[in-house]
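Asker: In this note's numbering, the protein residues as written are 5 to 412.
#1: On a CA-only basis, which of 175, 42, 323, 179 is nearest residue 248? Give me that one, please.
#2: Should the stretch 386-396 be regarded as contacting the stretch 343-363, the criterion being three or more beta carbon pairs within less than 8 Å?
#3: If distances are taken between C-alpha atoms only, which option among 61, 41, 54 comes closest to residue 92?
#4: Short check: CB of residue 314 to CB of residue 251, under 8 Å?
#5: Find out if the Cβ-Cβ distance for the pair residue 297, residue 267 is shorter than 8 Å.
#6: Rounded to the nearest angstrom, what separates residue 282 and residue 243 at their Cα positions?
#7: For residue 170, which residues in the same chain have their Cβ closer than 7 Å to its Cβ, ignoring the five residues on either side in sequence?
#8: Mark residue 401 as exposed unless 16 or more other C-beta atoms lie within 10 angstroms of its C-beta, in which case mark it buried.
#9: Please identify the residue among 129, 403, 376 whose C-alpha is closest to the C-alpha of residue 41.
#10: Kindly indicate which residue of 289, 275, 237, 293 has the alpha-carbon position closest to the one of residue 4.
#11: Tell me which same chain residues have a C-beta within less than 6 Å of the C-beta of residue 27, skipping the five on either side of it?
#12: Helix, strand or coil for residue 274, going by three-state DSSP, please let me know.
#13: Reducing DSSP to helix, strand and coil, say where residue 2 ends up.
#14: How should residue 277 be labelled, buried or exposed, when 16 other C-beta atoms within 10 angstroms of its C-beta is the threshold for buried?
#15: Which residues mark the beginning and the end of the beta strand (DSSP E) in which residue 261 is found?
#16: Look up residue 36 in the DSSP assignment and say whether it is helix, strand or coil.
#17: Do three or more CB pairs link the stretch 56-70 to the stretch 94-101 at distances below 8 Å?
#18: State the Cα-Cα distance for the pair residue 107 and residue 84, rounded to the nearest angstrom.
#19: Pairs of beta-carbons, one from the stretch 197-209 and one from the stretch 217-228, closer than 8 Å: are there three or more?
#20: Taking all protein chains shown into account, decide if residue 425 is buried (16 or more other Cβ within 10 angstroms of its Cβ) or exposed.
#21: Considering only residues of the same chain and omitting the five flanking positions on each side of residue 25, which have a CB-CB separation below 6 Å?
#22: Taking the alpha carbon of residue 237 as the point to measure from, which residue in 35, 203, 345 has its own alpha carbon closest?
#23: When the Cα atoms are used, what is the spatial distance from residue 66 to residue 81?
#24: Going along the chain, which residues of its own chain have a beta-carbon closer than 6 Å to the beta-carbon of residue 374, five neighbours each way excluded?
#25: Taking the alpha carbon of residue 224 as the point to measure from, which residue in 232, 230, 215 has its own alpha carbon closest?
#26: Give the secondary structure of residue 162 by DSSP, where H, G and I count as helix, E and B as strand, and everything else as coil.
#27: Does the Cβ of residue 239 have 16 or more other Cβ atoms within 10 Å, making it buried, or fewer, making it exposed?
#28: Quickly, what does DSSP pair residue 64 with across the bridge? List them, please.
#29: Are there 16 or more other CB atoms within 10 angstroms of the CB of residue 167, so buried, or fewer, so exposed?
#30: What number of angstroms, rounded off, separates the C-alpha of residue 265 from the C-alpha of residue 35?
#31: Express the C-alpha separation of residue 337 and residue 302 in angstroms, rounding to a whole number.
#32: What separation, rounded to the nearest whole angstrom, lies between the Cα atoms of residue 172 and residue 234?
#33: Which class does residue 202 belong to by DSSP, given the choice of helix, strand or coil?
#34: Do residue 165 and residue 137 have their beta-carbon atoms positioned less than 8 Å apart in this structure?
#35: Return the CA-CA distance between residue 410 and residue 280, expressed in angstroms with no decimal places.
#36: When you compare each of 118, 135, 383, 111 to residue 182 by their alpha carbons, which one comes out closest?
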């Protein structure tokens, strides 16, 4: 649970979106190509039938623009401690995964930016047959908004925005010789902690259904339908307009199941955004989503993330926001105990109703040296730049640091 900016921020398609548990594992620099050298393989500890793994990162970093402002940037040194624990239990057709994390961030000079985060999550999967899987997930976390996020708080005296996020996800997946069925429903409650951010409190309810037909090997041709409803705690804006919205649509694409050099999915289609406010017109646009992992060799992976669609916005004068984001990452096992990750990301945000646009680009590099199965040394650096129709929203930012990573 890292508080510092990563390229993944560029591809966040729903503000404050809570990640499912399977995305919250022990931190690794290149998880897509993680080696299987027994000398460096972490062995979980058995605790009452649970396979327990504990990890921590102590990061010493530098940020040359902590407030992500366009002129006269302010720099500071940062100490960050992240502690994580993962536990799993396998019993017949049932898989149980538990996750906990705590993050502590301290600035050398500007203590108003200090922050703490935490996350608890559980994931239960039932596989009654080899073809069927039913999954239930629940989580709760305290997240900290990054100063470089779109529409982030620009008041320096009171620190970054804190958001409490509660989520529940239920899904069913069936993969047979010819057909694929994948259904998921979720509810995510976003609660900004400060009373001055009450207009940002909302609950989103989402549903998605994908059907696929195997066209060869591990590849399915797919059709997906989706819907998301956003229910805001404050039903009307300061102008007296209704704020709730519904977005729905469909996409066609493909999915490649794991096992070969290529895996993942990609689909493209249309979405329609319908505000509850009758004086605001609905909007139809391009919907695209997917993640593909290509492994040209056992020791390398190329990861492509792409998204285009409607996202939540709180900007005054905007009736909606459409984001286009692309992220490309190269992960490499240089040696059996040396891993690297090099990535670049781009996001274009367009605010409907106001006509404003902004673009964000970022590159990031990370190197991890495994001293032993329980200890590694990490170095990272990132550079980001945003251009905007609003000059105050523009910034350039460099961040870098070193870390000690423990896994037991």
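Glycine included, C-beta positions come from ideal geometry on N, C-alpha and C.
Answerer: Taking the geometry as given:
#1: Out of 175, 42, 323, 179, 323 has the C-alpha closest to the C-alpha of residue 248.
#2: In this structure the stretch 386-396 lies against the stretch 343-363, because at least three pairs of beta carbons, one per stretch, are closer than 8 Å.
#3: Ranking 61, 41, 54 by CA distance to the CA of residue 92 puts 54 first.
#4: Using a Cβ distance threshold of 8 Å, residue 314 and residue 251 count as a contacting pair.
#5: It is a contact, given that the beta carbons lie within the stated cut-off.
#6: Going by C-alpha positions, residue 282 is about 14 Å away from residue 243.
#7: These residues qualify, in order along the chain: 144, 193.
#8: So residue 401 counts as buried.
#9: Measuring from the Cα of residue 41, the nearest candidate turns out to be 376.
#10: As shown, the chain starts at 5 and ends at 412. That puts residue 4 outside it, with no answer to give.
#11: Its pLDDT being 39, under 50, residue 27 is placed unreliably by the model, and the measurement read from it follows with that caveat. Within the same chain, and ignoring the five residues on either side of residue 27 in sequence, no residue has its Cβ closer than 6 Å to its Cβ.
#12: Of the three classes helix, strand and coil, the one that applies to residue 274 here is strand, per DSSP.
#13: Lying before the first or after the last residue shown, residue 2 is absent from the chain, which here runs from 5 to 412.
#14: Here residue 277 is buried, its C-beta having at least 16 other C-beta atoms within 10 Å.
#15: Counting along the chain, residue 261 sits inside no beta strand (DSSP E), nor does DSSP assign it H or E at all.
#16: Residue state, collapsed to three classes: helix.
#17: The stretch 56-70 vs the stretch 94-101: no contact.
#18: Distance between the alpha carbons of residue 107 and residue 84 is about 7 Å.
#19: They do not touch, by the three-pair rule.
#20: The shown model of the chain, from 5 to 412, leaves out residue 425, and the question about it has no answer.
#21: Any reading at residue 25 must be qualified, since the residue scores a pLDDT of 36, below 50, and its modelled position is unreliable; the value itself is stated next. Contacts found: 101, 103, 125, 127, 141.
#22: Nearest of 35, 203, 345 to residue 237, Cα basis: 203.
#23: Residue 66 and residue 81: Cα-Cα distance of roughly 5 Å.
#24: Counting only Cβ-Cβ distances below 6 Å, and skipping sequence neighbours, we find 44, 341, 380.
#25: Residue nearest to residue 224 within the set 232, 230, 215 is 215 (criterion: CA-CA distance).
#26: In the structure shown, residue 162 sits in coil (DSSP, three-state: anything other than H, G, I, E or B).
#27: Under this definition residue 239 is an exposed residue.
#28: DSSP, once it has assigned bridges, lists 83, 406 as partnering residue 64.
#29: The residue is buried, with at least 16 neighbouring Cβ atoms inside 10 Å.
#30: Here the alpha carbons of residue 35 and residue 265 stand approximately 15 Å from one another.
#31: Their backbone Cα atoms lie some 9 Å apart in a straight line.
#32: If I take the Cα positions, the gap works out to 15 Å.
#33: Reduced to three states, the DSSP call for residue 202 is helix.
#34: With contacts defined by Cβ atoms closer than 8 Å, residue 137 and residue 165 do not form a contacting pair.
#35: Roughly 49 Å between the two C-alpha positions.
#36: Cα-wise, what sits closest to residue 182 is 135.
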